Every structure is written in structure tokens, then in C-alpha cells.
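Visitor: Positions in the sequence shown are counted from 1; adding 1 to them yields the working numbering. Don't be surprised by glycine CBs; every beta carbon is placed ideally from N, CA and C. Source: prediction; values computed, not measured.
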Amino acid sequence: MPRAGKHVLILISGLLWSLVGLFLISLTVKWLEHLSTSIIITDGLIGILLGLTIAFFGFSKIARKNIDRIQQYEKEKVCVWAFQKWTSYVLIAFMMTLGILMRNAAFIPKYVLSPIYIGIGLALFLSSILYYQVFMGLIKKEHA
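1) Short of 7 Å in beta carbon distance, which residues of its chain neighbour Q72, apart from the five on each side in sequence? Order them along the chain.
2) Going by C-alpha distance, which of T29, A94, L53 is nearest I42?
3) Would G120 pass as a contact of L10 if the rule is Cβ separation under 7 Å?
4) Measure the alpha-carbon distance for L20 versus A145 and round it to whole angstroms.
5) Give the DSSP-derived three-state secondary structure of K78 in the structure shown.
6) Under DSSP, the beta strand (DSSP E) around G6 begins and ends at which residues?
7) I'd like the span of the alpha helix (DSSP H) that includes F119, first residue to last.
8) Given a cut-off of 7 Å, decide if W18 and S129 are closer than it, judged by their beta-carbon atoms.
9) Please report how far the alpha carbon of S27 lies from the alpha carbon of E77, in whole angstroms.
10) Between the C-alpha atoms of R4 and Y90, what's the straight-line distance to the nearest angstrom?
11) Using the Cα positions of S61 and T54, report the straight-line distance between them to the nearest angstrom.
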């Protein structure tokens, strides 16, 4: 099993959260490009408000817990997959499955899913910034 330092685990977490967030937002751009301006604006505003709320009240707290857990590892290098608790992988699999099912359900219009995807994507992206802040602090500490 590959091993890495705590700072690498924090960077991996941040990168994954950012990439997944951008992926979800990019899906909605494709969905919305053929719709009316009013739907695009409405979905965008609802998605942004939802994203800010989810980031502030949910994902930023999860990110801080993940960062604290990673920083408490006693060993210098740990398994690369330890950037998440094992129970989180079950939740991630469930959320991915739910997202795929909703995305492919013919009875759910994409303009209904768009605010949800924008919200979750934005929240992931905004919360990933916490990982980068901690990563940069660790790098500065190492080079001081």
C-alpha cells in the first residue's frame, strides 16, 4: 500500500474535493446551455445560495474534521487512502450512485437537478480551500 506524509494527504483531499466540485458544476453548464436565460439565472442563483449554505454549515465542518484527523496521525507516513475515514468511502459510493441514478432518470428534468449539482459542486470547491490553506501552512513550517 502506498504511503505518504500528512501534507500529501491534505493536498490529495483538497484536489479531489476541487475536482469533483468542478465536475459537478461543469455538468450543469452543459445541461443549462440550451435553456432560457431566466432558467439559467434562476438555477444559478439558487445553486450559489445552496452552495454557500452547504459549504458554511456542512462541508467546511467535514473538511475541518478530516484535516484534524489527518494531522493527528502519529506516524510520519500513512496509507494514501487514509485521507478519508473508511466509513466515508461508503457514503461517497452511496452519493455517487444516487447522483448517477438521478442524472439518468428520465423523469427528472436537468433544470431541476442543476441547482443541486451547482450547490454541491460549489460547496465542495469552496470547502477544498481549507485543505489548501492548511497544506500551505505545513509547507511553510517545513521550510522555516
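Guide: Result, derived from the coordinates:
1) The residue labelled residue 72 in the question sits at position 71 within the sequence shown. Correct list, in chain order: K7.
2) As a position in the sequence shown, residue 42 is number 41, starting the count at 1. Checking every option, the nearest Cα to that of I42 belongs to T29.
3) Taking the sequence shown and counting its residues from 1, the one referred to as residue 120 is at position 119. Taking the sequence shown and counting its residues from 1, the one referred to as residue 10 is at position 9. Going by C-beta atoms, G120 is not nearer than 7 Å to L10.
4) The residue you call residue 20 lines up with position 19 of the sequence shown. The residue you call residue 145 lines up with position 144 of the sequence shown. Cα-Cα distance, rounded: 30 Å.
5) The residue you call residue 78 lines up with position 77 of the sequence shown. Strand at K78.
6) Numbered from its first residue, the sequence shown carries residue 6 at position 5. Looking at the DSSP string, the run of the beta strand (DSSP E) that includes G6 is 4-6.
7) In the sequence shown, counting from the first residue as 1, residue 119 sits at position 118. In the sequence on display, residue 119 carries Ile and not Phe. First-last of the alpha helix (DSSP H) with I119: 111-143.
8) Start at 1 with the first residue of the sequence shown, and residue 129 comes out as number 128. Start at 1 with the first residue of the sequence shown, and residue 18 comes out as number 17. Contact flag set, yes.
9) Your numbering for residue 27 matches position 26 in the sequence shown. Your numbering for residue 77 matches position 76 in the sequence shown. If I take the Cα positions, the gap works out to 37 Å.
10) Taking the sequence shown and counting its residues from 1, the one referred to as residue 4 is at position 3. Taking the sequence shown and counting its residues from 1, the one referred to as residue 90 is at position 89. Distance between the alpha carbons of R4 and Y90 is about 18 Å.
11) As a first step, residue 61 is located in the sequence shown; it is residue number 60 there, counting from the start. As a first step, residue 54 is located in the sequence shown; it is residue number 53 there, counting from the start. Near 10 Å, if we compare the C-alpha coordinates of T54 and S61.
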